[in-house]
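Each residue of the sequence shown is one higher than the one before, counting from 23 in my numbering. Where is the CB? At the ideal position from N, CA and C, for every residue including glycine.
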Amino acid sequence: MRELRFRVSGAEWEELADLADACGGTPEEWVAEVVRERLRLERARVGAEAGRLAGRHAALLKRLGE
Numbered sequence: 023m024r025e026l027r028f029r030v031s032g033a034e035w036e037e038l039a040d041l042a043d044a045c046g047g048t049p050e051e052w053v054a055e056v057v058r059e060r061l062r063l064e065r066a067r068v069g070a071e072a073g074r075l076a077g078r079h080a081a082l083l084k085r086l087g088e
């Protein structure tokens, strides 16, 4: 597992700590979950766009594959 470190302001840290506490976790757990969710959304967005482009250019892709 890799470690990711970044800086936040004191006010941001306090807000993050309060939010994590309200959700029943640690700031680190909360940030990790947010990052995972953002990655999931980006994978879905890229996959949808790839599917749209593949459909739009299906004839060309078929010709290139022959």
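Along the alpha helix (DSSP H) that carries R67, what are the first and last residues, could you check?
As a first step, residue 67 must be located in the sequence shown, where it is residue number 45. From DSSP, the alpha helix (DSSP H) with R67 extends over 49 to 78.
At the level of alpha carbons, what is the spacing between E50 and R67?
Stepping through the sequence shown from its first residue, residue 50 is reached at position 28. Stepping through the sequence shown from its first residue, residue 67 is reached at position 45. Their backbone Cα atoms lie some 26 Å apart in a straight line.
Limits of the alpha helix (DSSP H) - the one that L41 falls within
As a working mapping, residue 41 is identified with position 19 in the sequence shown. Per DSSP, L41 belongs to the alpha helix (DSSP H) from 32 to 45.
Helix, strand or coil for R29? Go by DSSP, reduced to three states.
Position 7 of the sequence shown, counted from the first residue, corresponds to residue 29. Reduced to three states, the DSSP call for R29 is coil.
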